[in-house]
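Chemist: My questions all concern the structure below.
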């Protein structure tokens, strides 16, 4: 396989990032393994039969709507909850008997949980003091950490004297200073404003690669997960729905739920007419015969959904010239101008509404396509995905 | 221009000024003026008259009357407080009992407050009501109940004899122990509630963060819970210590007549000796004594608010 050995020996992994795929290597040893783990709170099931591997050096994201169990998975790892069923292995060893304060895992809390009675320095040094390190070493490592998160001048401040962004960096420094085998991040950027969040996402990625650590982040923000993670686990109601790279999740979702949760999607229901070497032919009420190249385990007669990302659908006043294209006619009912993109909603002749996103590549103020125009939507067979559930 | 143009804070309306004035007016009428009267009486001397002290300002005599009365004031009563061992012993006894019982209150009150804050959410209102429940009956009745319990053939001795812990019934009433029991019993809610309030507000994820950083539970209590409960501990300590120093009813009913707390001395001067000036001097010195811990507390609070810089 392409993956080349242990990541810890290669902290300067930037160049090899392209080929970093330990999950595809059957000989790679996971750092964390969830083995059929379940957790219930009263009658409600928070985590249901989750099996999952996270590899050393990975930036792994748990993504899902609120209440889907992603934070519970994190708390199970940190030791604040114990699984009702199944095992959690760290480096191949079951960590069930290890109390939270002895796990080589640190967590950055969503609320940051900074100690209000301690200074920035005191907060960052707290974990090191528990290890009974010498004063000089503690001071050196705290300084190093504060420099890393660019908070050098703030060592003697109390948390309430800091801005939200600064508090976030103190929390990060405090959770990193013990050099954990695994860093857990619980919605680490949720409290920041949008612009700062965007910048901090890239800082997190750089930090993770520079330190060569394994990060496990929990987020409900799909853009955030797509930006930072090597792999994403999409969760819903305690179950893992799909675990894959961001690209795969977006371009090859395994279900309508994932396709709809990650980004925007047009779904057209239909029945498989034939499966041949050049793909799948689907008969739909909304758009007639559709041709899709997507590989799918289907046979003629199956009920399927053709999923189309709006940015892959072209819109024009005339039907496309090539025969290959899928094509359907309709009327523009809504136009949303977002600056970089324009979203067109088109009602097809049978009433189905489809969305298309068009990049605004010119600065023309006049839109070539207006409300109520008769238009043709078209897309290449390789743009369509065939989903069976 | 119109009133709406004025900025907030720069021009206050009459209503706003009045509201700001209310506490000051209250304190002036019911604290500052009475205190000045007491201060003036403490500088007078006794007289067989009505009122039983002299000089008395005579408004009819005008300014010369004020000057005449003023020149007759003296500090002799304060000199007396310093020269007679009775007063000093009384102050020391009060401080000793107040300090001792405040410490006991802290030792008993903190675990109770901690238990309340850690109890399941839905139980907390019930426990809260239980803590303040004694206030439903009169304070005096509760102290009389203690007399009943502590007297020679009272409930406590009956229990001790029945359990064969003692052979001879010990005397509880009219001892310092009885005073401590009465004070701790009476003031416990004033210690528990402020500590409970700070512990209950404390973010529980801080303890998870401490555990996450390698800190076992007992250590997290010392390093996180205890420091963060300081405001409540300080408030509870003041709320108990200050009124206990001036406590009169409990030592009078449960304590001995040998050693008097300052409240009892004050009462004796006022009602037994009819020496209003000395009684007033005792009160003024007591007030000055109690201002010290309040000022220290205020300073600690401002330092806390200012933060680490």
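Chains as they are written, first to last, in the working numbering: chain D, 1 to 389; chain W, 1 to 309.
Where is the CB? At the ideal position from N, CA and C, for every residue including glycine.
The structure displayed is predicted, hence computed values, not measured ones.
Please identify the residue among W/285, W/241, W/297 whose C-alpha is closest to the C-alpha of residue 105 of chain W.
Modeler: Taking the second chain and counting its residues from 1, the one referred to as residue 105 of chain W is at position 105. Among W/285, W/241, W/297, the Cα nearest to that of residue 105 of chain W belongs to W/241.
Chemist: Give me whichever residues DSSP pairs with residue 337 of chain D in a beta bridge.
Modeler: As a first step, residue 337 of chain D must be located in the first chain, where it is residue number 337. Answer is D/342.
Chemist: I need the straight-line Cα distance from residue 114 of chain W to residue 203 of chain W, nearest angstrom please.
Modeler: The residue labelled residue 114 of chain W in the question sits at position 114 within the second chain. The residue labelled residue 203 of chain W in the question sits at position 203 within the second chain. Rounded to the nearest angstrom, the two C-alpha atoms are 14 Å apart.
Chemist: Residue 262 of chain W to residue 41 of chain D, Cα distance in whole Å?
Modeler: Here the question's residue 262 of chain W lines up with position 262 in the second chain. Here the question's residue 41 of chain D lines up with position 41 in the first chain. Straight-line Cα distance between these residues: approximately 59 Å.
Chemist: Roughly how many angstroms lie between the CA atoms of residue 385 of chain D and residue 241 of chain D, to the nearest whole one?
Modeler: The count along the first chain starts at 1 and reaches residue 385 of chain D at position 385. The count along the first chain starts at 1 and reaches residue 241 of chain D at position 241. Computed Cα separation, rounded: 17 Å.
Chemist: So is residue 44 of chain W buried or exposed if we call it buried at 16+ other beta carbons inside 10 Å?
Modeler: By one-based count along the second chain, residue 44 of chain W stands at place 44. With 16 or more other Cβ atoms within 10 Å, it is buried.
Chemist: Where does residue 90 of chain W land, buried or exposed, given buried means 16+ other C-beta within 10 angstroms?
Modeler: To locate residue 90 of chain W, count along the second chain from 1; it is residue 90. Its Cβ being crowded by 16 or more others within 10 Å, residue 90 of chain W is buried.
Chemist: Going by DSSP in three states, residue 301 of chain D sits in which element: helix, strand or coil?
Modeler: Within the first chain, residue 301 of chain D is the residue found at index 301, counting from 1. Taken through DSSP and simplified to helix, strand or coil, residue 301 of chain D comes out as coil.
Chemist: Is the region 277-287 of chain D close to the region 340-360 of chain D, with three or more CB pairs under 8 Å?
Modeler: yes
Chemist: Does residue 309 of chain W have its Cβ less than 8 Å from a Cβ in chain D?
Modeler: For the purposes of this step, residue 309 of chain W is taken as the residue at position 309 of the second chain. Model confidence at residue 309 of chain W stands at a pLDDT of 38, short of 50, so the residue's coordinates are unreliable; what they give is reported in the following sentence. Closer than 8 Å: yes.
Chemist: How many Å lie between residue 139 of chain W and residue 219 of chain W at the Cα?
Modeler: Working through the second chain from its first residue, we reach residue 139 of chain W at position 139. Working through the second chain from its first residue, we reach residue 219 of chain W at position 219. Rounded to the nearest angstrom, the two C-alpha atoms are 40 Å apart.
Chemist: Checking the sheet assignment: what are the DSSP bridge partners for residue 53 of chain D?
Modeler: Within the first chain, numbered from 1, the residue matching residue 53 of chain D stands at position 53. For residue 53 of chain D, which the question treats as bridged, DSSP gives the partners D/33.
Chemist: For my contact list, residue 189 of chain D and residue 108 of chain D are in at a C-beta cut-off of 8 Å; report their separation, rounded to the angstrom.
Modeler: Locating residue 189 of chain D in the first chain gives position 189, where the first residue counts as 1. Locating residue 108 of chain D in the first chain gives position 108, where the first residue counts as 1. Between residue 108 of chain D and residue 189 of chain D the Cβ distance is about 10 Å, and since that is not below 8 Å, they are no contact.
Chemist: Give the list of continuous alpha helix (DSSP H) stretches no shorter than 4 residues that lie fully inside the region 3-80 of chain W.
Modeler: 14-27, 33-42, 62-71
Chemist: Would you call the CB atoms of residue 131 of chain W and residue 192 of chain W closer than 8 Å?
Modeler: Here residue 131 of chain W refers to the residue found at position 131 of the second chain. Here residue 192 of chain W refers to the residue found at position 192 of the second chain. Cβ distance < 8 Å, so residue 131 of chain W and residue 192 of chain W count as in contact.
Chemist: Could you check whether the Cβ of residue 209 of chain W sits closer than 8 Å to any Cβ belonging to chain D?
Modeler: Reading the second chain from its first residue, position 209 is the one you call residue 209 of chain W. Judged by the 8 Å Cβ criterion, residue 209 of chain W is in contact with chain D.
Chemist: Are there 16 or more other CB atoms within 10 angstroms of the CB of residue 153 of chain W, so buried, or fewer, so exposed?
Modeler: Reading the second chain from its first residue, position 153 is the one you call residue 153 of chain W. It counts as exposed.
Chemist: Enumerate in chain order the residues of its own chain whose CB-to-CB distance from residue 390 of chain D is below 8 Å, with the five nearest sequence positions on each side excluded.
Modeler: It is not possible to answer for residue 390 of chain D, since the shown part of chain D is limited to 1 through 389.
Chemist: Hey, would you say residue 89 of chain D sits closer than 8 Å to residue 33 of chain D, going by beta carbons?
Modeler: Locating residue 89 of chain D in the first chain gives position 89, counting from the first residue. Locating residue 33 of chain D in the first chain gives position 33, counting from the first residue. Result yes, Cβ atoms of residue 89 of chain D and residue 33 of chain D sit closer than 8 Å.
Chemist: For residue 334 of chain D, which of D/139, D/84, D/374, D/246 has the nearest alpha-carbon?
Modeler: Residue 334 of chain D sits at position 334 when you count from the first residue of the first chain. The candidate whose alpha carbon is nearest that of residue 334 of chain D is D/374.
Chemist: Going along the chain, which residues of its own chain have a beta-carbon closer than 7 Å to the beta-carbon of residue 219 of chain D, five neighbours each way excluded?
Modeler: Walking along the first chain from the start, residue 219 of chain D turns up at place 219. So the qualifying residues of the chain are 61, 63, 187, 225.
Chemist: To the nearest angstrom, how far is the alpha carbon of residue 174 of chain W from that of residue 183 of chain W?
Modeler: As a working note, residue 174 of chain W is residue 174 in the second chain. As a working note, residue 183 of chain W is residue 183 in the second chain. Computed Cα separation, rounded: 14 Å.
Chemist: Beta-carbon within less than 8 Å of residue 114 of chain D's beta-carbon, same chain only, minus the 5 sequence neighbours each way: which residues are those?
Modeler: Counting from one through the first chain, the residue named residue 114 of chain D turns up at place 114. Cβ within range, chain order: 123, 159, 167, 170, 171, 174.
Chemist: Can you give me the C-alpha to C-alpha distance between residue 98 of chain W and residue 31 of chain W, rounded to a whole angstrom?
Modeler: Locating residue 98 of chain W in the second chain gives position 98, counting from the first residue. Locating residue 31 of chain W in the second chain gives position 31, counting from the first residue. Rounded to the nearest angstrom, the two C-alpha atoms are 24 Å apart.
Chemist: Counting only Cβ-Cβ distances shorter than 8 Å, please list the residues of the region 284-296 of chain W near chain B, keeping chain order.
Modeler: No chain B is part of this structure, whose protein chains are labelled D and W.
Chemist: Residue 259 of chain W lies in the alpha helix (DSSP H); which residues open and close that run?
Modeler: In the second chain, counting from the first residue as 1, residue 259 of chain W sits at position 259. That residue, residue 259 of chain W, is in no alpha helix (DSSP H); it is neither H nor E in DSSP.
Chemist: Tell me, please, which residues DSSP counts as bridged to residue 289 of chain D.
Modeler: For this step, residue 289 of chain D is matched to residue 289 along the first chain. Answer is D/283.
Chemist: For chain W, check one thing: does any of its Cβ atoms lie closer than 8 Å to the Cβ of residue 164 of chain D?
Modeler: For this step, residue 164 of chain D is matched to residue 164 along the first chain. Chain W, which has no Cβ nearer than 8 Å to the Cβ of residue 164 of chain D, makes this no.
Chemist: How would you call residue 24 of chain W, buried or exposed, if buried means at least 16 neighbouring beta carbons within 10 angstroms?
Modeler: Taking the second chain and counting its residues from 1, the one referred to as residue 24 of chain W is at position 24. Here residue 24 of chain W is exposed, its C-beta having fewer than 16 other C-beta atoms within 10 Å.
Chemist: State the DSSP-derived secondary structure class of residue 455 of chain D, mapped to helix, strand or coil.
Modeler: This structure does not reach residue 455 of chain D, given that chain D is present from 1 up to 389, and the question cannot be answered.
Chemist: Under the DSSP definition of a beta bridge, which residues are partnered with residue 274 of chain D?
Modeler: Start at 1 with the first residue of the first chain, and residue 274 of chain D comes out as number 274. DSSP lists D/281 as partners of residue 274 of chain D.
Chemist: Fully enclosed by the region 93-137 of chain D, which beta strand (DSSP E) runs are 3 residues long or longer?
Modeler: You should have 105-108.
Chemist: Check whether chain W comes within 8 Å of residue 5 of chain D, counting only Cβ atoms and requiring the distance to be less than that.
Modeler: For this step, residue 5 of chain D is matched to residue 5 along the first chain. Caution applies to residue 5 of chain D, whose pLDDT of 37 falls short of 50 and renders its modelled position unreliable; the value that the coordinates give is listed next. It does not; no Cβ of chain W falls within 8 Å.
Chemist: Do the CB positions of residue 251 of chain W and residue 46 of chain W come within less than 8 Å of each other?
Modeler: On the second chain, residue 251 of chain W is found 251 positions in, with the first residue counted as 1. On the second chain, residue 46 of chain W is found 46 positions in, with the first residue counted as 1. No, the pair does not count as a contact, with Cβ atoms beyond the cut-off.
Chemist: Tell me whether the beta-carbon of residue 302 of chain W lies closer than 8 Å to the beta-carbon of residue 282 of chain W.
Modeler: Looking up residue 302 of chain W in the second chain gives position 302. Looking up residue 282 of chain W in the second chain gives position 282. For the pair residue 302 of chain W and residue 282 of chain W, the CB atoms are not nearer than the 8 Å cut-off.
Chemist: Looking at the unbroken alpha helix (DSSP H) that takes in residue 155 of chain D, where does it start and where does it end?
Modeler: Here the question's residue 155 of chain D lines up with position 155 in the first chain. Where residue 155 of chain D is concerned, there is no enclosing alpha helix (DSSP H), given that its DSSP letter is neither H nor E.
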